[in-house]
Amino acid sequence: MIAFIPLLIFLVLHLGSGTYFFFTGTDNPLHQISPVVCLLPALFFAISCRPGKIQHNIDTVIEGMGDKNTLTMCLIFLFSGAFSSVSQSIGSADTVANLILNFLPAKLLLPGVFLTSAFISTAIGTSMGVVALMVPIAVNLAKSGAFDLEIGAATVVGGAVFGDNLSMISDTTIASVSSQDATIKDKLQINYKVAFIASIITLAYLVVTSDNTKIVTISSLDCFSIIKVIPYISLIVMVLFEVTTLVVITVNIVIAGVLGVTFFDYSIIQFSHDIYKGFRKVNEIVLFALFISGLSNIMYKQGQKALYKLIDESRITKTKAEFAIAGIASIFTVLVANNTIAILLSGSIVKRLAKKHDIAPYRSAYLLDVFACATKGILPYGSQLLLAGSIATVSPISLSKQVHYCFILVVVTVGEIIVNSKKEKGSMIL
Numbered sequence: 001m002i003a004f005i006p007l008l009i010f011l012v013l014h015l016g017s018g019t020y021f022f023f024t025g026t027d028n029p030l031h032q033i034s035p036v037v038c039l040l041p042a043l044f045f046a047i048s049c050r051p052g053k054i055q056h057n058i059d060t061v062i063e064g065m066g067d068k069n070t071l072t073m074c075l076i077f078l079f080s081g082a083f084s085s086v087s088q089s090i091g092s093a094d095t096v097a098n099l100i101l102n103f104l105p106a107k108l109l110l111p112g113v114f115l116t117s118a119f120i121s122t123a124i125g126t127s128m129g130v131v132a133l134m135v136p137i138a139v140n141l142a143k144s145g146a147f148d149l150e151i152g153a154a155t156v157v158g159g160a161v162f163g164d165n166l167s168m169i170s171d172t173t174i175a176s177v178s179s180q181d182a183t184i185k186d187k188l189q190i191n192y193k194v195a196f197i198a199s200i201i202t203l204a205y206l207v208v209t210s211d212n213t214k215i216v217t218i219s220s221l222d223c224f225s226i227i228k229v230i231p232y233i234s235l236i237v238m239v240l241f242e243v244t245t246l247v248v249i250t251v252n253i254v255i256a257g258v259l260g261v262t263f264f265d266y267s268i269i270q271f272s273h274d275i276y277k278g279f280r281k282v283n284e285i286v287l288f289a290l291f292i293s294g295l296s297n298i299m300y301k302q303g304q305k306a307l308y309k310l311i312d313e314s315r316i317t318k319t320k321a322e323f324a325i326a327g328i329a330s331i332f333t334v335l336v337a338n339n340t341i342a343i344l345l346s347g348s349i350v351k352r353l354a355k356k357h358d359i360a361p362y363r364s365a366y367l368l369d370v371f372a373c374a375t376k377g378i379l380p381y382g383s384q385l386l387l388a389g390s391i392a393t394v395s396p397i398s399l400s401k402q403v404h405y406c407f408i409l410v411v412v413t414v415g416e417i418i419v420n421s422k423k424e425k426g427s428m429i430l
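With the first letter of the sequence shown counted as 1, position 186 gets the number 186 in the working numbering; the numbers rise by one all the way through.
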């Protein structure tokens, strides 16, 4: 298992620095040193200590970085960042928030906060942007007596996780689908069913536990500004018609830009700046994806075959293999506190495990994504709860216990695994 020392080096550096900064009271401790930088010593060790000529080892890393799936994933990351930046710049996210929350009775404000966070996160493909947008709104509502501050902030995080898990342009969806060679449509079909059930249960709980009857207004809504929602609607429709992901995102970047330039105070120069701003926003995850792909390739050449042999010789049932995938995704997320990075790190192992036990690629992608996102959503040292806690000035630990959607999503997904197992056994008997 010497081949996996580079991965251990990365985990020690990433977790070690994060732990140090956490105990020194530094904000966002796990990102004080970029995970990309933590990967560099691991890459250096893998290249210099692997048997053979160093140039050959460098070529092996570059070969992994140039993998078609990796480069496609990186392009999708870049264009998704651009779409998110442009759509937010023209005010689409704010319009959605006002559209759903405007003049709701207080009894429905907490469910409304969840729905708004979920919709925006699904549309823009990022949970952090939603937390930054919606937690201040939740704080203002809490101050007006609509609901408790902690449950309001935690509900925003739950809604953000919903979209992070389901959006076709989110990092986790792209990473999980690419790593398993699955299609986004197949992955989302089963993911939507599970998330829908979990969200309905969450909404029911929020309605039942909301006992305020005041009427709280958010802000006035300009009916003309509703057209800002068009890029989101267009994106969803194109996905349903199975248009290629890169085409979908590119077309809707243009749509958002044209709407902004034509109807609002938005220039072509600003449009170009926002596209590049979106590229810059995702540069860390793009670089990490490239480096981890190169590192995975050199680890595979040296020792991953031994791990694959261990997987191939395993004697567990298909159901247990699916639970193993869930466990792998959760453990890696706990270790690195980043769901996308966890998926990228564990993707090749999960793919081999799924292939061994005849688990369809879309199922392994869905399980990877669900458990990575759900685990990240309840981590007190995860970026979502750290940001929400800092904005709301409450403890991330107290918030983690109230992100009800994540706990419910895990329970529903476990139930789906069991039910699917029984269905397959029944079909085999017939």
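All residues carry an ideal CB built from backbone N, CA and C; glycine is no exception.
Coil, strand or helix - residue i by DSSP
{"i": "residue 105", "result": "strand"}
{"i": "residue 402", "result": "coil"}
{"i": "residue 379", "result": "coil"}
{"i": "residue 394", "result": "coil"}
{"i": "residue 51", "result": "coil"}
{"i": "residue 144", "result": "coil"}
{"i": "residue 384", "result": "helix"}
{"i": "residue 95", "result": "helix"}
{"i": "residue 32", "result": "coil"}
{"i": "residue 284", "result": "helix"}
{"i": "residue 417", "result": "helix"}
{"i": "residue 430", "result": "With a pLDDT of 48 at residue 430, under the threshold of 50, the modelled position of that residue is not reliable, and no figure is offered here."}
{"i": "residue 120", "result": "helix"}
{"i": "residue 181", "result": "coil"}
{"i": "residue 125", "result": "coil"}
{"i": "residue 342", "result": "helix"}
{"i": "residue 241", "result": "coil"}
{"i": "residue 169", "result": "coil"}
{"i": "residue 369", "result": "helix"}
{"i": "residue 315", "result": "coil"}
Own chain residues within Cβ distance below 7 angstroms of residue i, not counting five before or after
{"i": "residue 372", "result": "172, 329, 333, 339, 342 and 343"}
{"i": "residue 417", "result": "319, 322 and 323"}
{"i": "residue 21", "result": "29 and 32"}
{"i": "residue 150", "result": "394, 398, 399 and 402"}
{"i": "residue 433", "result": "Given a span of 1 to 430 for the chain in the structure shown, any question on residue 433 remains unanswerable."}
{"i": "residue 143", "result": "none"}
{"i": "residue 392", "result": "135, 139, 149 and 153"}
{"i": "residue 54", "result": "47 and 48"}
{"i": "residue 385", "result": "157, 379, 396, 399 and 400"}
{"i": "residue 67", "result": "293"}
{"i": "residue 311", "result": "352, 353 and 356"}
Rounded distance between the beta-carbons of residue j and residue i, thought under 8 angstroms
{"i": "residue 364", "j": "residue 180", "result": "5 angstroms"}
{"i": "residue 199", "j": "residue 405", "result": "7 angstroms"}
{"i": "residue 35", "j": "residue 299", "result": "Not quite, the Cβ-Cβ distance comes to about 17 angstroms (not below 8 angstroms), so this is no contact."}
{"i": "residue 225", "j": "residue 252", "result": "Between residue 252 and residue 225 the Cβ distance is about 18 angstroms, and since that is not below 8 angstroms, they are no contact."}
{"i": "residue 123", "j": "residue 276", "result": "With a Cβ gap of about 21 angstroms, residue 123 and residue 276 do not count as contacting."}
{"i": "residue 286", "j": "residue 78", "result": "6 angstroms"}
{"i": "residue 84", "j": "residue 278", "result": "6 angstroms"}
{"i": "residue 356", "j": "residue 314", "result": "7 angstroms"}
Terminal residues of the alpha helix (DSSP H) in which residue i lies
{"i": "residue 159", "result": "149-166"}
{"i": "residue 360", "result": "It is not in any alpha helix (DSSP H) - residue 360 carries neither H nor E in the DSSP assignment."}
{"i": "residue 56", "result": "54-65"}
{"i": "residue 269", "result": "268-281"}
{"i": "residue 252", "result": "245-263"}
{"i": "residue 10", "result": "5-23"}
{"i": "residue 187", "result": "184-209"}
{"i": "residue 228", "result": "No alpha helix (DSSP H) contains residue 228, which DSSP labels as neither H nor E."}
{"i": "residue 332", "result": "318-336"}
{"i": "residue 80", "result": "68-89"}
Sequence-distant residues of its chain with Cβ nearer than 6 angstroms to residue i (five each side left out)
{"i": "residue 174", "result": "73 and 76"}
{"i": "residue 266", "result": "90 and 260"}
{"i": "residue 347", "result": "179"}
{"i": "residue 430", "result": "Bear in mind that the predicted position of residue 430 carries a pLDDT of just 48, short of 50, making it unreliable; the figure below should be weighed with that in mind. Hits under 6 angstroms: none found."}
{"i": "residue 187", "result": "177, 362, 365 and 366"}
{"i": "residue 376", "result": "333, 339 and 382"}
{"i": "residue 190", "result": "366"}
Proximal residues to residue i (C-beta, below 8 angstroms), its chain only, five neighbours per side dropped
{"i": "residue 111", "result": "203, 206, 207 and 210"}
{"i": "residue 448", "result": "What is shown of the chain runs 1 to 430, which leaves residue 448 out entirely."}
{"i": "residue 289", "result": "70, 73, 74, 77, 175 and 344"}
Min CB distance residue i to chain B below 8 angstroms
{"i": "residue 69", "result": "The structure shown contains no chain B, having only a single protein chain."}
*asked:* I want to know whether the region 153-164 touches the region 116-133 - three or more CB-CB distances under 8 angstroms.
replied: yes
- Query: Just checking, does the region 235-251 make contact with the region 40-50 on the three C-beta pairs under 8 angstroms criterion?
  - Reply: no
Mind the definition here: the region 191-210 touches the region 406-413 only if three or more C-beta pairs lie below 8 angstroms; say whether that holds.
yes
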